[in-house]
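Visitor: Going down the list, the sequences are from chains A and B. So the first sequence is numbered by the working numbering: it starts at 12 and just counts up by one. So the second sequence is numbered by the working numbering: it starts at -18 and just counts up by one. Please read through the structure below; I'll follow up with questions.
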Amino acid sequence: MSTNAALFDDEFLKKLDYLNIISKRLFAGQLRAERRTRKRGAGMEFADYRSYVAGDDFRYLDWKAYLRLNKLIMRLFEEEEDLPIYFFVDSSESMEYGNPSKLDYARRVAAALCYIGLANLDRVNVISFADNVKSELPPLRGKGRIFRVFRFLTDIVPGGATNARDSFKTYCTEGRRRGLAVVVSDFLDPAGFEKAMDVLRHFRHDIFVIHIASHEEMNPVLKGELLLVDAENRAAREVTVTPGLLTAYRAEYTRFCEQLEQYCSRYQLGYVRTVTDYPFEELILKVFRQGRFIK
Amino acid sequence: MNFLAMTPLQAALLGAVTAMAVIAMYLLKLRHRRVVVSSSILWTRVLDERHAHSLWERLRKFISILIAVTIALLLALALARPQITWLTGSDEGVVIVLDTSATMATRMSDGRTRWQHAVDEARALLNSGGATTEFRVLDTAGRAAFSPTTNRNEASDMIGQLRPQAGAARFPEVTEQGSTVYFISDGVSISEAPAAVKRISVFEEANNVGITAFDIRSIPSTPLGYEAYLEVQNFGPRSEAVGITLTAGTGQTIAKSVSLASGETLQDVFDLSRFEGGAIRASIVSDDDDMAADDLAFGYLPVKRRTRTLLVTRGNNYLESLLKLDSHVELLKTDPAGYGENPDIDVYIFDRFAPAKAPARPALVIGAPAGATGAAWLREARGVVQKPEITTWAEDHPIMQYVSVHDLSIERAARIDASNLTVIAASNQTPLIVASENPKWVMLTFDLQSSDFPLQLGFPVFVENVLSWFGREQLAVHQAIGTVEVPMKDAQIQTAEGTAVDSQTVAGRTIFEAPEPGLYSATSGDTRIQIAVNLGNKAFSNVNSSVFTDERAAVSAPNWLRRELWFYMLFAAILLISVEWFTYHRRVTL
């Protein structure tokens, strides 16, 4: 616990403040919690007209138009509401890999983005998942809630196999509002990352993918006769690691990353890949520059 | 396959245990180190793809074990010293007997000699031997004193040291039991060999006209007259025109041409009266002659000068008559009272008399002076031996050449002390003929009247030999090519051209090598002997008399491998270890 607590020390908090200032500078002029949604409702901003249908609220009839055109026409306004942001943090066993571990890095990244979201008065949700939803943090709003986020992230215990599809499905079918889904994971899902992401797309969330990798994963330093044990399912396989095999593995890992990136590009999802020794504040700035996290 | 270091069962056990140990160790070695990875998804994809497409991946483990077992078996079985006969030959001994007789120098149709062909055959035999085959090289001259060896190069060097040479040739005694004996010969000088011997013939019919005899002898009817006897024979299959030349060292020449049919012999005598003394060289030339060693012969013509001999006697008809008839002797006679040294005298003969002082010239003393005569240079008679019987005599001494004394009858002889003298003939009781080298004198301990020596055929020859030994030049001693023995101790040997020849003294005789015909001189003190070394032997010149059966097919083909199999196994193991090391560190093998 002490190790996890050290994740969010004073130094970290200073960095969060810095990022908050940066984010405000980058997105100056936008109102807090004023996110125009496609939902038509009781907002102040006129959006469109449509014909009256039975059951519509008479208060939104355009009487002037009726006098001119002799037709009942409804005035539509854009509804203004706060944005739900869902942080899906992968806490499967594979995230424990690396030094620092991918999960630690994911915690920091999620904490930073949560802080910015809270500061923007967005409704922030944090979900820990592995083979299913392991735990979730109820929606929070306001900068003062950041410590609950810290506590939640700190309490995440890595374990279990990855099954993002079932996890997302479970969470999204519980009547969640559409919002921004930030997935922080290594995407090493035996079932494939596509199916999981398809679930989020199906529920029409804006999706931002933060792909966390470790150097040990990308360029493993292995040699000789080995029994490779999968951290998640404990499946073992005898391998003679040769330079040729390592080259093939690196090529396969690169192909895997490219597939993920191409998937995100195809469906216009936000995508950032990072390694665990990359400064997390730099990563956050990179996320900002993509313009998807804060609109 | 058999094994030299252990039984096949032991070798099989060793191999099996080794193989099992290696496999066991290999399996232990294959226990993999456990490494936890975040996910095996990507590894599985890579490995499945590689395993699906690579036959090597499927065979790698098996091949790795196979290599390890092979290395271990190579090392283990190398200790057992395996032998595969068709690969390395058998380990039997091989004895190679080379015919080194003179006819092996005969040239063949390809321009090479029979000897060169024999050497090639011998070296082919070396190549056909096994890796452990022990070779022994012998020759028919009995000179090859080589130890058995398994080193082919050493054996080849031994063969290279041998040369064909004239002289007695006989098949050597082979003591190696169980060895295969090969006899490489033209079958001329030695046609017989033990039945078990495998014969390899290098015979091919050749042309040869050779001098089979050459001698220089005095003409009894002519004082200081000499003639040369020459015998030439055509041993070739067709007639030959032969040019004969006799040449003296002073340049005088006698030449003659004859035609000799196949097998025909020319026996001719050449008068050398007009020749000065010295070396005489006889040579023949024919159009087609494949053997050169018998085309030359040498003799020696003594310098023609009579020996001035002073006979001091009270009267001895035998001796006087003999010396008067000797054409080489200019005889002077006096009685003991009139004796006095004369510088013109070459030799003194004292009959039953001895002067008090030794003469400056050599002397033959007949009859030992009895009692104290004052002749201190001679041995004093210490008694008389009645009817002594000759029991020993030195046949090889120059003064005993052609002299037989075995039936000599002596009435009495003086008993003397022969210490430091050369005993030429002796009875059990006393020396009968003794010689002194310095001063040079010969003494008979009996007088001629008390023996039948003057009546013996050998007596004139004996006197002639004594006078010759005293310094008069004599005809050459004839010897065959090869090792020449001279009956002189520590003699200096020279060729006719004056070149010194290496020699050694063995058992009081000087021995030297004469590889080709020539005239040699042996000098020891005041004594000089001319030695005419000639081939002069029909057996050597008759180069076409072979009845040899060739058994070349008995010679096995050369073997592939020159060393024992363990050497190659060790080499292969080292090679495999290197390959294994290289591939292991690149994870090609396990």
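No residue lacks a Cβ here, since even glycine has one placed at the ideal position from N, Cα and C.
Residue range of the alpha helix (DSSP H) that W562/B falls in?
Guide: 546 to 566 is the span of the alpha helix (DSSP H), which, as asked, contains W562/B.
Visitor: With distances taken Cα to Cα, identify the nearest neighbour of T81/B among A57/B, V18/B, F152/B.
Guide: F152/B
Visitor: Just checking: is the beta-carbon of V351/A within a distance shorter than 8 Å of some beta-carbon in chain B?
Guide: Because chain A spans 12 through 306 in this model, residue 351/A falls outside it and cannot be assessed.
Visitor: Report all residues from its chain with a CB closer than 6 Å to the CB of L277/B; omit the five preceding and five following residues, and keep chain order.
Guide: S264, P498
Visitor: Is there a C-beta anywhere in chain A that falls below 8 Å from the one on R39/B?
Guide: At least 8 Å separates the CB of R39/B from every CB of chain A.
Visitor: Report yes or no: is there a C-beta of chain B within less than 8 Å of the C-beta of T48/A?
Guide: Reliability of the predicted coordinates at T48/A is poor, the pLDDT of 48 falling under 50, and the value obtained from them is presented with this limitation in mind. Taking Cβ atoms only, chain B never reaches closer than 8 Å to T48/A, which makes this a no.
Visitor: Can you find a CB in chain A that lies within less than 8 Å of the CB of S20/B?
Guide: yes
Visitor: May I ask you to report which of helix, strand or coil DSSP gives I572/B?
Guide: The shown model of chain B, from -18 to 571, leaves out residue 572/B, and the question about it has no answer.
Visitor: What is the DSSP secondary structure of K75/A, reduced to helix, strand or coil?
Guide: helix
Visitor: With V524/B and V213/B assumed to form a contact (beta carbons below 8 Å), what rounded beta-carbon distance in angstroms separates them?
Guide: About 15 Å; that fails the 8 Å criterion.
Visitor: Taking DSSP as the reference, what is the three-state secondary structure of L233/A?
Guide: coil
Visitor: With 8 Å set as the bound, which would you pick, yes or no: does the beta-carbon of L28/B sit closer than that to a beta-carbon of chain A?
Guide: yes
Visitor: Check E135/B in the structure and name its three-state DSSP category.
Guide: helix
Visitor: Check M424/B in the structure and name its three-state DSSP category.
Guide: strand
Visitor: Tell me, please, whether the CB atom of V17/B is closer than 8 Å to any CB atom in chain A?
Guide: The beta carbon of V17/B sits closer than 8 Å to some beta carbon of chain A.
Visitor: May I have a chain-ordered list of the beta strand (DSSP E) segments no shorter than 3 residues that lie completely inside the region 47 to 128 of chain B?
Guide: 75 to 79, 116 to 120
Visitor: Excluding five sequence neighbours on each side, which residues of the same chain lie with their C-beta closer than 7 Å to the C-beta of D59/A?
Guide: Cβ neighbours of D59/A beyond the five flanking positions: L87.
Visitor: Would you grab the beta carbon distance between S225/A and T287/A for me? Rounded to a whole angstrom, and I think it's under 8 Å.
Guide: 5 Å
Visitor: Between M208/A and Y264/A, which are expected to be in contact by the criterion C-beta below 8 Å, what is the C-beta distance as a whole number of angstroms?
Guide: The Cβ separation is near 19 Å, so there is no contact.
Visitor: Of all Cβ atoms in chain A, is any one closer than 8 Å to the Cβ of W24/B?
Guide: yes
Visitor: Consult DSSP for W374/B and reduce its assignment to one of helix, strand or coil.
Guide: strand
Visitor: With which residues is V250/B paired in a DSSP beta bridge?
Guide: Y210/B
Visitor: Between the alpha carbons of T84/B and S240/B, how many angstroms are there, rounded?
Guide: 23 Å
Visitor: Between D332/B and V365/B, which are expected to be in contact by the criterion C-beta below 8 Å, what is the C-beta distance as a whole number of angstroms?
Guide: Going by Cβ atoms, the distance from D332/B to V365/B rounds to 18 Å, so no, they are not a contact pair.
Visitor: Between which two residues does the alpha helix (DSSP H) containing E445/B stretch?
Guide: 439 to 450
Visitor: A629/B to K368/B, Cα distance in whole Å?
Guide: The question about residue 629/B has no answer here: the residues shown for chain B are numbered -18 through 571.
Visitor: Any beta-carbon of chain B closer than 8 Å to the one on A242/A?
Guide: Closer than 8 Å: yes.
Visitor: For I96/A, write down the residues that DSSP places opposite it in a beta bridge.
Guide: Residue pairing by DSSP puts I96/A in a beta bridge opposite V135/A, L191/A.
Visitor: Interface residues of chain B around S105/A at Cβ under 7 Å?
Guide: S19, S20
Visitor: Would you say Y274/A faces chain B, with C-beta separation under 8 Å as the test?
Guide: Put simply, the CB of Y274/A is far from chain B, with every gap to its CB atoms at 8 Å or more.
Visitor: Are L448/B and T231/B close, meaning C-beta to C-beta below 8 Å?
Guide: no
Visitor: For the region 393 to 408 of chain B against the region 369 to 378 of chain B, do three or more pairs of beta-carbon atoms, one drawn from each stretch, fall closer than 8 Å, so that the two count as touching?
Guide: yes
Visitor: Within the 8 Å Cβ cut-off, does N246/A reach chain B?
Guide: Reading off the sequence, residue 246/A comes out as Ala, not Asn. Taking Cβ atoms only, chain B reaches closer than 8 Å to A246/A, which makes this a yes.
Visitor: Indicate whether at least one CB of chain A lies closer than 8 Å to the CB of R544/B.
Guide: no
Visitor: Given a cut-off of 8 Å, decide if A175/A and F204/A are closer than it, judged by their beta-carbon atoms.
Guide: Their beta carbons are under 8 Å apart, which means F204/A touches A175/A by this criterion.
Visitor: So which of W562/B, I380/B, R26/B, G439/B has the shortest CA-CA distance to I510/B?
Guide: The option with the nearest alpha carbon to I510/B is I380/B.
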